[in-house]
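Reviewing the structure listed below.
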Amino acid sequence: MIHKSPTRKHMSRFCNYPVPQTPVFQTGGGTFSSRRRKSSVTPLTTPLSTTSVRRRSRQSSPSRSSMISSPTRTSSGSSSRGRSAEGLVNLDNVLEGGTTQQCRGTISVSIRLKPSDTNTRSPWYASDDHTIVHNDLGEFWFDKVFSPQTNNYGVYEEIGKPMIDKLFQGYNATIFAYGMTGSGKTFTMSGTRDEAGLILLSVEQIFSQIMKESVNNKSYEVRVSYLEIYNEKIYDLLNYPSAKSPGGTYGSFQSKNVPGAGAELPVRDDARHGVRVVGLTEQQVHSSEDVLRKIELGNSNRRTGETDYNTRSSRSHAIVTIKVTCTELLSGTDTTSTLSLCDLAGSERAAGQHERRKEGAFINKSLLALGTVISKLSAVSGASGGGAATPPPTFGNSHVPYRDSKLTRILQPALSGDSIVTTICTIDTKPDAMSETVNTIRFASRAKNVSMTVKRNEAEATHDKDELLHSLRRQLDEQQDLICELRRAQPPADQSSCEATPLGPSATVLMLRRENETLKKKLQHCERLLDKDDAAVEDEQFVEIVEMLPPAVGALLESKIQGLESQLREHRAYTAQLEQRLSEAEAEARLVTQQARAQAQTLSGDDGTLQRVVREQEEELEELQRSLARKNKMLDALQSAKRLREGALRPLNRGLGAGAGAGLGDGRVAHKSGGVGT
Ligand SMILES: Nc1ncnc2c1ncn2[C@@H]1O[C@H](COP(=O)(O)OP(=O)(O)OP(=O)(O)O)[C@@H](O)[C@H]1O
Numbered sequence: 001m002i003h004k005s006p007t008r009k010h011m012s013r014f015c016n017y018p019v020p021q022t023p024v025f026q027t028g029g030g031t032f033s034s035r036r037r038k039s040s041v042t043p044l045t046t047p048l049s050t051t052s053v054r055r056r057s058r059q060s061s062p063s064r065s066s067m068i069s070s071p072t073r074t075s076s077g078s079s080s081r082g083r084s085a086e087g088l089v090n091l092d093n094v095l096e097g098g099t100t101q102q103c104r105g106t107i108s109v110s111i112r113l114k115p116s117d118t119n120t121r122s123p124w125y126a127s128d129d130h131t132i133v134h135n136d137l138g139e140f141w142f143d144k145v146f147s148p149q150t151n152n153y154g155v156y157e158e159i160g161k162p163m164i165d166k167l168f169q170g171y172n173a174t175i176f177a178y179g180m181t182g183s184g185k186t187f188t189m190s191g192t193r194d195e196a197g198l199i200l201l202s203v204e205q206i207f208s209q210i211m212k213e214s215v216n217n218k219s220y221e222v223r224v225s226y227l228e229i230y231n232e233k234i235y236d237l238l239n240y241p242s243a244k245s246p247g248g249t250y251g252s253f254q255s256k257n258v259p260g261a262g263a264e265l266p267v268r269d270d271a272r273h274g275v276r277v278v279g280l281t282e283q284q285v286h287s288s289e290d291v292l293r294k295i296e297l298g299n300s301n302r303r304t305g306e307t308d309y310n311t312r313s314s315r316s317h318a319i320v321t322i323k324v325t326c327t328e329l330l331s332g333t334d335t336t337s338t339l340s341l342c343d344l345a346g347s348e349r350a351a352g353q354h355e356r357r358k359e360g361a362f363i364n365k366s367l368l369a370l371g372t373v374i375s376k377l378s379a380v381s382g383a384s385g386g387g388a389a390t391p392p393p394t395f396g397n398s399h400v401p402y403r404d405s406k407l408t409r410i411l412q413p414a415l416s417g418d419s420i421v422t423t424i425c426t427i428d429t430k431p432d433a434m435s436e437t438v439n440t441i442r443f444a445s446r447a448k449n450v451s452m453t454v455k456r457n458e459a460e461a462t463h464d465k466d467e468l469l470h471s472l473r474r475q476l477d478e479q480q481d482l483i484c485e486l487r488r489a490q491p492p493a494d495q496s497s498c499e500a501t502p503l504g505p506s507a508t509v510l511m512l513r514r515e516n517e518t519l520k521k522k523l524q525h526c527e528r529l530l531d532k533d534d535a536a537v538e539d540e541q542f543v544e545i546v547e548m549l550p551p552a553v554g555a556l557l558e559s560k561i562q563g564l565e566s567q568l569r570e571h572r573a574y575t576a577q578l579e580q581r582l583s584e585a586e587a588e589a590r591l592v593t594q595q596a597r598a599q600a601q602t603l604s605g606d607d608g609t610l611q612r613v614v615r616e617q618e619e620e621l622e623e624l625q626r627s628l629a630r631k632n633k634m635l636d637a638l639q640s641a642k643r644l645r646e647g648a649l650r651p652l653n654r655g656l657g658a659g660a661g662a663g664l665g666d667g668r669v670a671h672k673s674g675g676v677g678t
């Protein structure tokens, strides 16, 4: 959006470069002041209030250093927050039942100035965080203007992070980079080895957010796809033949080696999903590293070549789509939101080389189609008054030529209100790029005028309830098996619990103990006898009696005592032997117990961990049982509702007959496909 219309003087001096249109927002022929425009046309990613912006700024700073190698804070990055928070306070959300169901506003547009590689003073410069100035053309106001000093992280914080936040609120989000060849689109989106780009930073944020949100019975699935549009043909960059032709571009495909790889993919209007690329692979990913590996693979497949402005110019439009599906386990509902990151090929003047010229023609044609679509959307928005106060128009597809190129067909859902859209327009401020820069500013101005209403994706019931139940039951069984296994592997809490295991070495110990007990009792008995005998022998009266007895009787008594003494010696020897065996058996038992403990520790880390694991498993088991009970209730309710509905519909169906139902279905399909046409 233009902050100040260029003066006549400026226009006459720069008549070779048609100046971007004046803003469409006018009252009684006059243009709104910049402050008025800021508050009336609100980008969809703008935070709700000043406080929320400031809070987010503080919260995001700790993660900054962890995400980039050189966390230098640019002056523009830090000052912009306060500035933007002043003017952009009204997001115009529609609230339904306390929850934001849709967002209304305009496409958010930013300009990024590429650092100059010469000492020549450029006529373009950023005068503040929202204004780009040309010495002669005047000032142009946008949601954000990034000075040449802003690094990729600064750009990500301003335009990438708010989009990820929206993604997790259930909105689709699209970021695309537009600009002339060599102006920094790929640098912004993909970054370099030293400086991560928007794709990497966004993916990291998505996975860190998933880590935070994966509690409270939510589970996430992330899928990635990557396509390119080269010479008006769509290719899957993740399903591609491996060999490159000499010269850096793909000359001929070797699809015979990889089935389906490298084949051109058609675009179709799907009744359920709208516009989609048929056959595009979506690969499941589990970490940001996983995504990056795939994107690197895709990048190596992307067609590049040398142009006058860029030694490694992207010769195709490339779109990375990250699909995040959140499943609420308790309600069994899924919400899928997609983030699309588009690195468009650069607009350029005619190149010398034939191949480059041909590619350039396709690139320019598709960018022209995109420009026309944006221009139409901008005009429709302008005609309806733009701004948040007036409801944005529903774009009749017949007015907007989406079908003029593959790029606009693919971007059609996003531009028709299916997604929050942010565009970053990169410009190279060197003098010989002047006409391309003016074109980019014109495109950006028109994009800034496009207002749209974006609906939040609705949660869908998981299709197969039986499958969910089955999987919960299976989990339950597995948990129970695991608990039993852990209990079996767990060593006894104390030594005496050896008895709990009737087999194995502890049974030997038990047997020996019992034998020992018996022997001890026998020994005690013998000792008692012996004690008696000894006492008797030592007893003076007993001795007197023995002496008084006839010698034969005395001798008999004495021999009895001696017999008892020898029996006692035998028992003592036997007891010593048994005690020796017992101590050996106990040593063996200790060894076995230690081994059992060690085994259990290997299984669970240590005794405490094992106990904890068992406890956690039990808690989880209880939770699953509760969840199962809730599911069962829900199923019952659904089934009874279904029966009721069938009961209610039966007389109606009989009245209408089968033909009427088929007619309704056909009518819906015809209406849908008619709606998508141009
Ligand atoms: N903001 C920037 N800071 C530092 N270097 C940059 C910046 N923008 C671009 N460059 C450098 O300029 C060169 C061209 O950039 P890049 O390849 O990103 O351009 P592009 O717009 O994607 O071009 P094309 O459309 O031809 O693919 C690269 O070497 C890149 O590293």
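Mapping of the sequence shown onto UniProt numbering: position 587 corresponds to residue 587, and the numbering continues sequentially without gaps.
Backbone N, C-alpha and C define an ideal beta-carbon position, used for all residues, glycine too.
The shortest CA-to-CA distance from I410 to any of T321, A461 and G554 is the one to T321. If you draw a straight line from the Cα of E544 to the Cα of V553, it comes to about 13 Å.
Residue burial annotation: N632 is exposed, with fewer than 16 other C-beta atoms found within 10 angstroms of its C-beta. Looking at the DSSP output, H317 bridges to I229. Shortest gap from the CB of S337 to any heavy atom of ligand 1: 6 Å or more.
In the structure shown, the three-state DSSP call for E282 is coil.
Under the 10 Å beta carbon count, V215 is surrounded by fewer than 16 other beta carbons and is classified as exposed.
In the displayed model, F168 falls within a helix according to three-state DSSP.
Distance from the CA atom of E584 to the CA atom of E565, rounded to whole angstroms, is 29 Å. When C-beta atoms of the segment 105–124 are compared with those of the segment 148–156, three or more pairs fall below 8 Å, so the two segments count as touching. Pairing K430 with N135, the inter-Cα distance amounts to about 13 Å. The C-beta distance from S183 to T426 rounds to 4 Å, short enough to meet the 8 Å contact threshold. DSSP places T174 outside any alpha helix (DSSP H); the residue lies instead in the beta strand (DSSP E), whose first and last residues are A173 to G179.
According to the DSSP assignment, E289 belongs to the alpha helix (DSSP H) that extends over S288 to N301. Under the 8 Å Cβ criterion, the segment 452–462 counts as touching the segment 331–346, having at least three qualifying pairs. Set against 6 Å, the gap from the CB of T181 to the closest heavy atom of ligand 1 is smaller.
In this structure, T437 has its CB at a distance of at least 6 Å from all heavy atoms of ligand 1.
Residue state for A126 is assigned as strand, using DSSP reduced to three classes. Not one heavy atom of ligand 1 lies closer than 6 Å to the C-beta of T423. Annotation for T188: the continuous alpha helix (DSSP H) segment containing it runs K185 to M189.
Shown here for S419: same chain residues with a beta carbon closer than 8 Å to its own, the five before and five after excluded, namely Y171, N172, A173, T174, T338, S340, P413 and V454 in chain order.
For G184, the shortest separation between its Cβ and any heavy atom of ligand 1 lies below 6 Å. Taken atom to atom, the span from the alpha-carbon of Q577 to that of E586 is near 14 Å.
Here the distance from the Cβ of F146 to the nearest heavy atom of ligand 1 is not below 6 Å. Considering only V438, E436 and N449, the residue with the shortest C-alpha distance to K376 is N449.
The three-state reading of DSSP puts D236 in strand, counting E and B together. Relative to the Cα of D290, the nearest Cα in the group Y156, F207 and R315 belongs to F207.
Going by beta carbons, G179 and T408 fall outside the 7 Å limit. Taking a 10 Å sphere around the C-beta of D270, we find fewer than 16 other C-beta atoms and assign the residue as exposed.
Relative to S378, the option among H399, K560, A629 and R193 whose CA is nearest is H399. Inclusion of S314 and T188 in the CB contact set at 7 Å is not warranted, their separation being larger than that value. The continuous stretches of beta strand (DSSP E) do not include L201, which lies in the alpha helix (DSSP H) extending over residues L198 to E213. If you check the CB distance, K323 and R223 come in under 7 Å. DSSP places G138 outside any alpha helix (DSSP H); the residue lies instead in the beta strand (DSSP E), whose first and last residues are G138 to W141. The shortest C-alpha to C-alpha distance from T181 to any of N364, V277 and L238 is the one to N364. Per DSSP, the continuous alpha helix (DSSP H) segment holding G154 begins and ends at N152 to V155.
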